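A.B. asks:
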Amino acid sequence: MRNVLRALKGVHHVEVDLDEKIATVVYAANEIEPSLLIKTTTNVGYPSSIKVTEI
57 MRNVLRALKG VHHVEVDLDE KIATVVYAAN EIEPSLLIKT TTNVGYPSSI KVTEI
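Every letter in the sequence shown is one number past the one before it in the numbering used here, and letter 42, counting from 1, is 98.
#1: Where DSSP assigns a beta bridge to D75, which residues make up the other side?
#2: Reducing DSSP to helix, strand and coil, say where V60 ends up.
#3: Closest to V82 by C-alpha separation, out of E89, H68, G101, would be which residue?
#4: In terms of alpha-carbon separation, which member of G66, I111, L93 lies closest to S105?
#5: In chain order, what residues of the same chain lie with their CB nearer than 8 angstroms to the CB of L61, ignoring the 5 residues before and after it?
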């Protein structure tokens, strides 16, 4: 999943914690929609939801 997310245009950083079942994704909001992140993780077998934290 990490590599699939990293390959998306606009994604700058990905950290995955398999034990906690959390992926942290830093992305450019003007380049990619959060819905594409959800679709991408779901397509590789990891259904997800978004928790937004602005930095």
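Don't be surprised by glycine CBs; every beta carbon is placed ideally from N, CA and C.
Owing to the predicted nature of the structure, the values given are computational and were not obtained by experimental measurement.
C.D. replies: According to the structure data:
#1: Here residue 75 is taken as the residue at index 19 of the sequence shown, counted from 1. For D75, which the question treats as bridged, DSSP gives no partner whatsoever.
#2: Here residue 60 corresponds to residue number 4 of the sequence shown, with the count starting at 1. Note: V60 maps to helix in three-state DSSP.
#3: The residue you call residue 82 lines up with position 26 of the sequence shown. Of the listed residues, the one whose Cα sits closest to V82 is H68.
#4: On the sequence shown, position 49 is the one that residue 105 refers to. It is L93 whose Cα lies nearest to the Cα of S105.
#5: Translated into the one-based positions of the sequence shown, residue 61 becomes position 5. Cβ within range, chain order: V67, V70, A79, V81, L93, T96, T97.
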